[in-house]
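Numbering (our numbering), first residue to last: 7 to 451.
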(Lines of atoms letter the chains of each structure in order from A and count residues from 1; the text may use other names and numbers.)
(Lines give C-alpha, C1' and ligand atoms only; values in the text may rest on other atoms or scores of the structure.)
Protein backbone atom coordinates (compact mmCIF):
# COMPACT_ATOMS: atom_id res chain seq x y z
CA UNK A 1 0.00 0.00 0.00
CA UNK A 2 1.23 3.52 -0.81
CA UNK A 3 1.88 5.83 2.18
CA UNK A 4 -0.77 3.81 4.00
CA UNK A 5 -1.42 5.78 7.21
CA UNK A 6 -1.48 9.14 5.43
CA UNK A 7 -3.53 7.70 2.55
CA UNK A 8 -6.19 6.45 4.98
CA UNK A 9 -6.34 9.94 6.49
CA UNK A 10 -6.78 11.46 3.04
CA UNK A 11 -9.41 8.84 2.16
CA UNK A 12 -11.53 9.50 5.25
CA UNK A 13 -10.92 13.25 5.33
CA UNK A 14 -11.29 14.29 1.68
CA UNK A 15 -10.22 17.91 2.30
CA UNK A 16 -6.70 16.54 2.87
CA UNK A 17 -6.36 14.96 -0.57
CA UNK A 18 -3.44 16.51 -2.39
CA UNK A 19 -2.10 18.12 0.79
CA UNK A 20 1.12 17.24 2.69
CA UNK A 21 -0.06 15.04 5.57
CA UNK A 22 2.14 13.85 8.44
CA UNK A 23 0.85 11.20 10.85
CA UNK A 24 2.60 10.65 14.15
CA UNK A 25 3.38 11.93 17.63
CA UNK A 26 2.63 15.59 18.25
CA UNK A 27 4.81 16.11 21.33
CA UNK A 28 8.43 17.16 21.55
CA UNK A 29 9.62 13.58 21.06
CA UNK A 30 7.06 12.77 18.37
CA UNK A 31 8.09 10.65 15.41
CA UNK A 32 6.53 10.44 11.93
CA UNK A 33 4.58 7.21 11.54
CA UNK A 34 3.39 8.02 8.03
CA UNK A 35 3.99 10.72 5.41
CA UNK A 36 1.90 11.37 2.31
CA UNK A 37 3.68 11.64 -1.02
CA UNK A 38 2.86 15.35 -1.04
CA UNK A 39 4.98 15.71 2.11
CA UNK A 40 7.74 13.39 0.88
CA UNK A 41 8.66 15.79 -1.92
CA UNK A 42 9.93 18.09 0.85
CA UNK A 43 12.09 15.32 2.31
CA UNK A 44 9.74 14.16 5.08
CA UNK A 45 9.62 10.40 5.73
CA UNK A 46 8.58 7.79 8.24
CA UNK A 47 10.63 7.42 11.46
CA UNK A 48 11.87 11.04 11.17
CA UNK A 49 11.43 13.30 14.23
CA UNK A 50 8.15 15.14 13.76
CA UNK A 51 9.69 18.55 14.46
CA UNK A 52 12.17 17.97 11.64
CA UNK A 53 9.44 16.86 9.20
CA UNK A 54 7.30 19.89 10.05
CA UNK A 55 10.24 22.18 9.47
CA UNK A 56 10.92 20.59 6.06
CA UNK A 57 7.31 20.74 4.87
CA UNK A 58 6.63 24.20 6.26
CA UNK A 59 3.39 25.94 7.18
CA UNK A 60 1.32 23.82 4.81
CA UNK A 61 1.91 20.61 6.77
CA UNK A 62 -1.17 18.88 8.19
CA UNK A 63 -0.12 16.97 11.31
CA UNK A 64 -2.47 14.34 12.74
CA UNK A 65 -2.21 11.79 15.55
CA UNK A 66 -2.40 8.12 14.49
CA UNK A 67 -5.82 6.42 14.49
CA UNK A 68 -4.77 2.80 14.81
CA UNK A 69 -8.29 1.41 14.88
CA UNK A 70 -9.05 3.03 11.50
CA UNK A 71 -5.83 1.78 9.89
CA UNK A 72 -6.49 -1.70 11.26
CA UNK A 73 -9.95 -1.87 9.73
CA UNK A 74 -8.73 -0.45 6.40
CA UNK A 75 -5.92 -3.01 6.37
CA UNK A 76 -8.37 -5.80 7.09
CA UNK A 77 -10.52 -4.82 4.11
CA UNK A 78 -7.51 -4.37 1.81
CA UNK A 79 -6.21 -7.86 2.48
CA UNK A 80 -9.65 -9.49 2.39
CA UNK A 81 -9.92 -7.95 -1.08
CA UNK A 82 -6.48 -9.20 -2.11
CA UNK A 83 -7.36 -12.71 -0.89
CA UNK A 84 -10.18 -12.90 -3.44
CA UNK A 85 -7.41 -13.08 -6.07
CA UNK A 86 -4.48 -14.41 -4.04
CA UNK A 87 -5.83 -16.84 -1.43
CA UNK A 88 -2.57 -17.41 0.48
CA UNK A 89 -0.85 -14.29 1.85
CA UNK A 90 2.16 -13.86 4.05
CA UNK A 91 1.30 -10.56 5.68
CA UNK A 92 4.26 -8.54 6.94
CA UNK A 93 2.44 -5.55 8.39
CA UNK A 94 -0.63 -3.34 8.09
CA UNK A 95 0.22 -2.53 4.50
CA UNK A 96 2.48 -5.17 2.98
CA UNK A 97 2.19 -8.86 2.12
CA UNK A 98 3.63 -11.52 -0.15
CA UNK A 99 1.44 -13.65 -2.41
CA UNK A 100 2.21 -16.47 -4.85
CA UNK A 101 -0.70 -17.03 -7.24
CA UNK A 102 -0.40 -20.55 -8.62
CA UNK A 103 -1.75 -19.51 -12.02
CA UNK A 104 1.29 -17.24 -12.56
CA UNK A 105 3.92 -19.99 -12.21
CA UNK A 106 6.01 -19.79 -15.37
CA UNK A 107 3.75 -17.12 -16.87
CA UNK A 108 5.22 -14.53 -19.27
CA UNK A 109 5.80 -11.01 -17.93
CA UNK A 110 2.86 -9.54 -19.85
CA UNK A 111 0.45 -11.95 -18.15
CA UNK A 112 1.93 -11.17 -14.72
CA UNK A 113 1.62 -7.43 -15.38
CA UNK A 114 -2.02 -7.86 -16.39
CA UNK A 115 -2.74 -9.75 -13.15
CA UNK A 116 -1.01 -7.05 -11.09
CA UNK A 117 -3.04 -4.30 -12.72
CA UNK A 118 -6.27 -6.21 -12.10
CA UNK A 119 -5.28 -6.69 -8.45
CA UNK A 120 -4.53 -2.98 -8.02
CA UNK A 121 -7.79 -2.03 -9.68
CA UNK A 122 -9.78 -4.32 -7.40
CA UNK A 123 -8.16 -2.92 -4.24
CA UNK A 124 -8.89 0.65 -5.33
CA UNK A 125 -12.45 -0.16 -6.39
CA UNK A 126 -13.31 -1.77 -3.05
CA UNK A 127 -11.35 0.41 -0.62
CA UNK A 128 -10.50 3.66 -2.42
CA UNK A 129 -6.84 3.13 -1.52
CA UNK A 130 -3.86 2.82 -3.86
CA UNK A 131 -1.53 -0.19 -3.95
CA UNK A 132 1.75 -0.72 -5.75
CA UNK A 133 2.68 -4.27 -6.79
CA UNK A 134 6.06 -5.81 -7.48
CA UNK A 135 6.53 -9.25 -9.02
CA UNK A 136 9.52 -11.52 -9.49
CA UNK A 137 10.81 -15.05 -9.07
CA UNK A 138 11.10 -14.81 -5.28
CA UNK A 139 10.36 -12.69 -2.24
CA UNK A 140 13.55 -10.63 -2.50
CA UNK A 141 12.93 -9.56 -6.08
CA UNK A 142 9.24 -8.94 -5.46
CA UNK A 143 9.96 -6.70 -2.49
CA UNK A 144 12.55 -4.67 -4.37
CA UNK A 145 10.18 -4.45 -7.36
CA UNK A 146 7.33 -3.16 -5.18
CA UNK A 147 9.60 -0.38 -3.93
CA UNK A 148 10.47 0.52 -7.50
CA UNK A 149 6.76 0.51 -8.40
CA UNK A 150 5.84 3.19 -5.86
CA UNK A 151 3.90 5.33 -6.03
CA UNK A 152 0.83 3.96 -7.75
CA UNK A 153 2.38 1.47 -10.15
CA UNK A 154 3.59 -2.04 -10.92
CA UNK A 155 7.04 -3.45 -11.62
CA UNK A 156 7.52 -6.94 -13.04
CA UNK A 157 11.10 -8.23 -13.05
CA UNK A 158 11.66 -11.09 -15.51
CA UNK A 159 14.12 -13.84 -14.56
CA UNK A 160 16.67 -12.72 -17.13
CA UNK A 161 16.51 -9.13 -15.80
CA UNK A 162 17.23 -9.95 -12.18
CA UNK A 163 21.01 -9.75 -12.13
CA UNK A 164 21.06 -6.48 -14.03
CA UNK A 165 18.60 -5.04 -11.51
CA UNK A 166 20.27 -6.39 -8.38
CA UNK A 167 23.88 -5.71 -9.29
CA UNK A 168 23.49 -1.94 -9.56
CA UNK A 169 21.44 -1.40 -6.39
CA UNK A 170 22.93 -0.12 -3.13
CA UNK A 171 23.75 -3.01 -0.81
CA UNK A 172 21.26 -1.67 1.75
CA UNK A 173 18.42 -2.51 -0.66
CA UNK A 174 19.08 -6.19 0.04
CA UNK A 175 16.39 -7.33 2.45
CA UNK A 176 18.20 -8.20 5.68
CA UNK A 177 21.09 -5.76 5.32
CA UNK A 178 20.71 -3.24 8.14
CA UNK A 179 22.83 -0.23 9.05
CA UNK A 180 25.47 -2.29 10.92
CA UNK A 181 26.00 -4.76 8.07
CA UNK A 182 25.95 -1.90 5.57
CA UNK A 183 28.71 -0.11 7.47
CA UNK A 184 30.86 -3.25 7.60
CA UNK A 185 30.52 -3.72 3.85
CA UNK A 186 31.14 -0.05 3.09
CA UNK A 187 34.37 -0.17 5.10
CA UNK A 188 35.51 -2.91 2.74
CA UNK A 189 34.56 -0.86 -0.31
CA UNK A 190 31.44 -2.89 -1.10
CA UNK A 191 28.71 -0.44 -2.12
CA UNK A 192 26.37 -2.47 -4.35
CA UNK A 193 24.54 -5.78 -4.28
CA UNK A 194 26.63 -6.80 -7.27
CA UNK A 195 29.83 -6.15 -5.30
CA UNK A 196 28.45 -8.19 -2.41
CA UNK A 197 27.44 -11.11 -4.64
CA UNK A 198 30.97 -11.22 -6.12
CA UNK A 199 32.45 -12.16 -2.73
CA UNK A 200 33.21 -15.78 -1.93
CA UNK A 201 31.13 -17.71 0.59
CA UNK A 202 34.06 -17.73 2.99
CA UNK A 203 34.47 -13.95 2.76
CA UNK A 204 30.78 -13.36 3.39
CA UNK A 205 30.75 -15.68 6.40
CA UNK A 206 33.77 -13.89 7.82
CA UNK A 207 32.17 -10.45 7.41
CA UNK A 208 28.55 -11.11 8.42
CA UNK A 209 28.73 -14.40 10.30
CA UNK A 210 28.38 -18.05 9.29
CA UNK A 211 24.55 -18.10 9.41
CA UNK A 212 23.33 -14.72 8.21
CA UNK A 213 26.15 -14.11 5.71
CA UNK A 214 25.56 -17.10 3.37
CA UNK A 215 21.78 -16.59 3.44
CA UNK A 216 22.13 -12.96 2.33
CA UNK A 217 24.75 -13.98 -0.21
CA UNK A 218 22.24 -16.35 -1.86
CA UNK A 219 19.68 -13.56 -2.07
CA UNK A 220 22.26 -11.22 -3.61
CA UNK A 221 22.83 -13.80 -6.35
CA UNK A 222 19.10 -14.07 -7.06
CA UNK A 223 18.65 -17.43 -5.31
CA UNK A 224 15.45 -17.19 -3.28
CA UNK A 225 13.28 -20.28 -2.86
CA UNK A 226 11.55 -19.24 0.35
CA UNK A 227 7.86 -20.18 0.07
CA UNK A 228 4.98 -17.82 0.73
CA UNK A 229 3.23 -19.06 3.85
CA UNK A 230 0.61 -17.76 6.24
CA UNK A 231 2.49 -16.54 9.30
CA UNK A 232 1.42 -16.80 12.91
CA UNK A 233 0.92 -13.39 14.52
CA UNK A 234 3.49 -12.27 17.09
CA UNK A 235 2.48 -12.59 20.74
CA UNK A 236 4.54 -9.57 21.82
CA UNK A 237 6.07 -6.54 20.14
CA UNK A 238 9.03 -4.92 21.84
CA UNK A 239 12.19 -2.87 21.51
CA UNK A 240 15.21 -2.63 23.77
CA UNK A 241 18.61 -0.99 23.90
CA UNK A 242 21.86 -1.50 25.80
CA UNK A 243 23.67 1.69 26.78
CA UNK A 244 27.41 2.34 26.59
CA UNK A 245 27.29 3.78 30.11
CA UNK A 246 25.04 2.73 32.96
CA UNK A 247 22.04 4.93 33.77
CA UNK A 248 22.18 6.12 37.35
CA UNK A 249 19.28 8.58 37.73
CA UNK A 250 15.55 8.42 37.06
CA UNK A 251 15.76 11.37 34.65
CA UNK A 252 18.42 9.55 32.63
CA UNK A 253 16.28 6.43 32.59
CA UNK A 254 13.18 8.31 31.45
CA UNK A 255 15.09 10.09 28.69
CA UNK A 256 16.55 6.78 27.51
CA UNK A 257 13.27 4.87 27.67
CA UNK A 258 11.24 7.39 25.65
CA UNK A 259 12.72 6.63 22.19
CA UNK A 260 12.65 2.89 22.95
CA UNK A 261 8.93 3.15 23.66
CA UNK A 262 8.45 5.15 20.45
CA UNK A 263 10.30 2.44 18.50
CA UNK A 264 8.13 -0.30 20.00
CA UNK A 265 5.03 1.77 19.22
CA UNK A 266 6.03 2.15 15.56
CA UNK A 267 6.34 -1.64 15.37
CA UNK A 268 2.91 -1.96 16.96
CA UNK A 269 1.39 0.36 14.35
CA UNK A 270 2.99 -1.65 11.56
CA UNK A 271 1.64 -4.87 13.08
CA UNK A 272 -1.92 -3.56 12.96
CA UNK A 273 -3.16 -4.74 16.35
CA UNK A 274 -3.72 -2.94 19.62
CA UNK A 275 -1.98 -3.82 22.89
CA UNK A 276 -3.51 -4.26 26.31
CA UNK A 277 -0.42 -5.00 28.43
CA UNK A 278 2.70 -2.83 28.73
CA UNK A 279 5.91 -4.36 30.09
CA UNK A 280 9.17 -2.65 31.03
CA UNK A 281 12.38 -4.64 31.27
CA UNK A 282 15.38 -3.29 33.22
CA UNK A 283 18.72 -5.08 33.20
CA UNK A 284 21.04 -3.90 35.96
CA UNK A 285 24.80 -3.56 35.85
CA UNK A 286 25.10 -6.84 37.78
CA UNK A 287 23.21 -8.52 34.86
CA UNK A 288 20.10 -9.23 36.94
CA UNK A 289 16.79 -8.37 35.25
CA UNK A 290 13.63 -6.77 36.60
CA UNK A 291 10.32 -6.64 34.73
CA UNK A 292 7.14 -4.77 35.57
CA UNK A 293 3.86 -4.69 33.68
CA UNK A 294 0.45 -3.07 33.75
CA UNK A 295 -2.70 -4.13 31.91
CA UNK A 296 -5.12 -1.62 30.44
CA UNK A 297 -8.88 -2.13 30.35
CA UNK A 298 -8.82 -2.45 26.55
CA UNK A 299 -6.41 -2.94 23.65
CA UNK A 300 -5.17 0.30 22.10
CA UNK A 301 -2.56 1.77 19.78
CA UNK A 302 -2.66 5.18 21.45
CA UNK A 303 0.97 6.23 21.89
CA UNK A 304 0.33 8.59 24.79
CA UNK A 305 -1.46 5.93 26.84
CA UNK A 306 1.06 3.18 26.14
CA UNK A 307 4.19 5.25 26.60
CA UNK A 308 2.92 6.99 29.73
CA UNK A 309 2.17 3.58 31.22
CA UNK A 310 5.70 2.43 30.39
CA UNK A 311 7.15 5.60 31.91
CA UNK A 312 5.31 5.02 35.17
CA UNK A 313 6.61 1.45 35.39
CA UNK A 314 10.24 2.62 35.51
CA UNK A 315 12.13 2.21 38.77
CA UNK A 316 14.63 4.73 40.15
CA UNK A 317 18.24 3.56 39.61
CA UNK A 318 19.15 5.33 42.86
CA UNK A 319 17.01 2.75 44.65
CA UNK A 320 17.64 -0.41 42.60
CA UNK A 321 21.13 0.19 41.18
CA UNK A 322 22.58 1.29 37.81
CA UNK A 323 20.74 0.20 34.63
CA UNK A 324 22.53 -1.04 31.50
CA UNK A 325 19.56 -2.12 29.33
CA UNK A 326 15.97 -0.93 28.93
CA UNK A 327 13.20 -2.70 27.04
CA UNK A 328 9.58 -1.76 26.40
CA UNK A 329 7.12 -4.44 25.26
CA UNK A 330 3.47 -4.56 24.26
CA UNK A 331 1.42 -7.75 24.59
CA UNK A 332 -2.18 -8.83 24.93
CA UNK A 333 -2.38 -8.03 21.22
CA UNK A 334 -5.80 -7.87 19.64
CA UNK A 335 -7.43 -6.72 16.42
CA UNK A 336 -10.38 -5.60 18.52
CA UNK A 337 -9.44 -2.17 19.81
CA UNK A 338 -11.30 0.51 21.66
CA UNK A 339 -10.49 4.09 20.96
CA UNK A 340 -10.61 6.12 24.14
CA UNK A 341 -13.54 8.51 24.40
CA UNK A 342 -11.85 10.29 27.31
CA UNK A 343 -8.13 9.80 26.59
CA UNK A 344 -6.76 12.45 28.92
CA UNK A 345 -8.77 11.23 31.92
CA UNK A 346 -7.97 7.60 31.22
CA UNK A 347 -4.30 8.41 30.77
CA UNK A 348 -4.24 10.15 34.15
CA UNK A 349 -5.94 7.20 35.81
CA UNK A 350 -3.65 4.69 34.10
CA UNK A 351 -0.59 6.63 35.21
CA UNK A 352 -1.86 6.67 38.78
CA UNK A 353 -2.47 2.93 38.83
CA UNK A 354 0.83 2.14 37.12
CA UNK A 355 2.62 4.28 39.67
CA UNK A 356 1.36 2.13 42.53
CA UNK A 357 2.00 -1.05 40.57
CA UNK A 358 -1.46 -2.65 40.32
CA UNK A 359 -1.49 -5.24 37.52
CA UNK A 360 -4.92 -4.53 36.00
CA UNK A 361 -6.07 -0.93 36.36
CA UNK A 362 -9.77 -0.29 36.07
CA UNK A 363 -10.38 3.18 34.68
CA UNK A 364 -13.56 5.16 35.02
CA UNK A 365 -14.02 8.28 32.93
CA UNK A 366 -15.28 11.33 34.77
CA UNK A 367 -18.31 13.32 33.67
CA UNK A 368 -16.36 16.10 31.96
CA UNK A 369 -14.75 15.43 28.61
CA UNK A 370 -11.19 16.72 28.06
CA UNK A 371 -10.40 19.54 25.67
CA UNK A 372 -10.78 18.87 21.97
CA UNK A 373 -7.60 18.06 20.09
CA UNK A 374 -6.73 18.36 16.41
CA UNK A 375 -7.61 15.08 14.71
CA UNK A 376 -10.35 14.03 17.14
CA UNK A 377 -13.40 12.41 15.54
CA UNK A 378 -16.63 14.26 16.29
CA UNK A 379 -20.37 13.62 15.88
CA UNK A 380 -22.80 16.52 15.70
CA UNK A 381 -26.55 16.10 16.14
CA UNK A 382 -27.26 18.02 12.91
CA UNK A 383 -24.13 17.85 10.74
CA UNK A 384 -23.05 14.25 11.37
CA UNK A 385 -19.48 12.96 11.46
CA UNK A 386 -16.46 15.27 11.32
CA UNK A 387 -12.99 15.86 12.67
CA UNK A 388 -11.36 18.63 14.65
CA UNK A 389 -9.30 20.99 12.51
CA UNK A 390 -8.49 23.43 15.28
CA UNK A 391 -9.31 24.08 18.92
CA UNK A 392 -8.49 26.60 21.61
CA UNK A 393 -9.74 29.62 23.54
CA UNK A 394 -13.04 27.89 24.22
CA UNK A 395 -13.96 27.15 20.60
CA UNK A 396 -13.51 24.20 18.25
CA UNK A 397 -13.53 24.10 14.44
CA UNK A 398 -14.88 20.90 12.92
CA UNK A 399 -14.72 19.76 9.30
CA UNK A 400 -17.74 17.56 8.55
CA UNK A 401 -16.77 14.86 6.07
CA UNK A 402 -16.18 11.13 5.63
CA UNK A 403 -14.81 8.87 2.92
CA UNK A 404 -18.02 9.01 0.91
CA UNK A 405 -19.01 12.63 1.45
CA UNK A 406 -16.36 14.46 -0.54
CA UNK A 407 -14.77 17.61 0.92
CA UNK A 408 -17.01 18.96 3.67
CA UNK A 409 -17.81 22.25 5.31
CA UNK A 410 -15.98 23.57 8.36
CA UNK A 411 -17.97 25.08 11.23
CA UNK A 412 -16.90 26.60 14.52
CA UNK A 413 -18.64 25.88 17.83
CA UNK A 414 -18.21 26.60 21.50
CA UNK A 415 -15.98 23.90 22.95
CA UNK A 416 -18.73 22.78 25.32
CA UNK A 417 -21.54 22.80 22.75
CA UNK A 418 -23.88 19.98 23.84
CA UNK A 419 -24.57 19.09 20.21
CA UNK A 420 -20.95 17.88 19.87
CA UNK A 421 -19.88 14.44 21.05
CA UNK A 422 -16.89 12.21 20.53
CA UNK A 423 -17.37 9.74 17.69
CA UNK A 424 -16.06 6.32 16.78
CA UNK A 425 -13.16 6.98 14.37
CA UNK A 426 -14.19 3.94 12.32
CA UNK A 427 -17.30 5.82 11.21
CA UNK A 428 -15.08 8.06 9.06
CA UNK A 429 -14.54 5.10 6.71
CA UNK A 430 -18.30 4.89 6.13
CA UNK A 431 -18.25 1.11 5.58
CA UNK A 432 -21.31 0.13 7.63
CA UNK A 433 -21.94 -3.16 5.79
CA UNK A 434 -18.31 -4.27 6.13
CA UNK A 435 -18.20 -3.35 9.83
CA UNK A 436 -21.48 -5.16 10.46
CA UNK A 437 -20.22 -8.29 8.70
CA UNK A 438 -16.96 -8.16 10.62
CA UNK A 439 -18.83 -7.87 13.91
CA UNK A 440 -21.03 -10.83 12.98
CA UNK A 441 -18.03 -13.00 12.10
CA UNK A 442 -16.24 -12.10 15.34
CA UNK A 443 -19.32 -12.91 17.42
CA UNK A 444 -19.79 -16.16 15.53
CA UNK A 445 -16.14 -17.06 16.15
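By construction, the Cβ of each residue, glycine as well, lies at the ideal position given by its N, Cα and C atoms.
Everything numeric in this text was worked out from a predicted model, so none of it was measured.
To the nearest angstrom, how far is it from the Cα of residue 423 to the Cα of residue 400?
Here residue 423 corresponds to residue number 417 of the chain shown, with the count starting at 1. Here residue 400 corresponds to residue number 394 of the chain shown, with the count starting at 1. Cα-Cα distance, rounded: 10 Å.
Quick one, which of 394, 409, 441 and 415 has its alpha-carbon nearest residue 428's?
If you number the chain shown from 1, residue 428 lands on position 422. Measuring from the Cα of residue 428, the nearest candidate turns out to be 394.
Start and end residues, alpha helix (DSSP H) containing residue 258
Taking the chain shown and counting its residues from 1, the one referred to as residue 258 is at position 252. Run containing residue 258: 256-277, per the alpha helix (DSSP H) assignment.
With 16 other CB atoms within 10 Å as the buried threshold, where does residue 437 fall?
Indexing the chain shown from 1 puts residue 437 at position 431. Buried.
Could you tell me which residues DSSP puts in a beta bridge with residue 396?
Within the chain shown, residue 396 is the residue found at index 390, counting from 1. In the DSSP output, where bridge partners are listed per residue, residue 396 has 403.
Measuring straight from C-alpha to C-alpha, what distance separates residue 197 and residue 151?
The residue labelled residue 197 in the question sits at position 191 within the chain shown. The residue labelled residue 151 in the question sits at position 145 within the chain shown. For residue 197 and residue 151, the distance between alpha carbons rounds to 20 Å.
Local Cβ density within 10 Å of residue 36, reported as buried at 16 or more and exposed below that:
As a first step, residue 36 must be located in the chain shown, where it is residue number 30. Under this definition residue 36 is a buried residue.
What does a CB cutoff of less than 8 Å around residue 275 pick up in its chain, not counting 5 residues either side in sequence?
Taking the chain shown and counting its residues from 1, the one referred to as residue 275 is at position 269. Hits under 8 Å: 11, 39, 72, 74, 77, 100 and 307.
Can you say whether residue 190 is buried or exposed, counting buried as having 16 or more other CB atoms within 10 angstroms of its CB?
Residue numbering aside, residue 190 sits at position 184 when the chain shown is read from its first letter. Residue 190 comes out exposed.
Would you kindly work out how many angstroms separate the C-alpha atoms of residue 193 and residue 224, rounded to a whole number?
In the chain shown, counting from the first residue as 1, residue 193 sits at position 187. In the chain shown, counting from the first residue as 1, residue 224 sits at position 218. Straight-line Cα distance between these residues: approximately 21 Å.
Measuring straight from C-alpha to C-alpha, what distance separates residue 433 and residue 325?
Along the chain shown, one-based indexing puts residue 433 at 427. Along the chain shown, one-based indexing puts residue 325 at 319. Cα to Cα, the separation comes out at about 48 Å.
May I ask which residues mark the beginning and end of the alpha helix (DSSP H) holding residue 199?
In the chain shown, residue 199 corresponds to position 193, counting from 1. Where residue 199 is concerned, the enclosing alpha helix (DSSP H) stretches over 199-203.
Looking only at DSSP bridge pairs, what is residue 178 linked to?
Position 172 of the chain shown, counted from the first residue, corresponds to residue 178. The partner list for residue 178 (beta bridge, DSSP) is empty, contrary to what the question assumes.
To which residues does DSSP link residue 281 through a beta bridge?
Indexing the chain shown from 1 puts residue 281 at position 275. Note: residue 281 sits in a beta bridge opposite 306.
Span of the alpha helix (DSSP H) around residue 74:
Along the chain shown, one-based indexing puts residue 74 at 68. From DSSP, the alpha helix (DSSP H) with residue 74 extends over 74-89.
In DSSP terms, what residue 55 is bridged to
Residue 55 sits at position 49 when you count from the first residue of the chain shown. Answer is 37, bridged to residue 55.
Does DSSP classify residue 249 as helix, strand or coil?
Position 243 of the chain shown, counting from 1, holds the residue named residue 249. Strand, per DSSP.
Going by DSSP, what residues sit across from residue 96 in a beta bridge?
Start at 1 with the first residue of the chain shown, and residue 96 comes out as number 90. Answer is 104, bridged to residue 96.
May I ask you to list the residues that DSSP assigns as paired with residue 386?
Locating residue 386 in the chain shown gives position 380, where the first residue counts as 1. BP columns for residue 386 point to 390 and 426.
Those residues which DSSP pairs with residue 417 across a bridge
Position 411 of the chain shown, counted from the first residue, corresponds to residue 417. In DSSP, residue 417 forms a bridge with 404.
Own chain residues within Cβ distance below 6 Å of residue 143, not counting five before or after
For this step, residue 143 is matched to residue 137 along the chain shown. Result list for residue 143: 165, in chain order.
Opposing strand residues paired with residue 121 [DSSP bridges]
Taking the first residue of the chain shown as 1, we reach residue 121 at position 115. None, per the DSSP bridge assignment.
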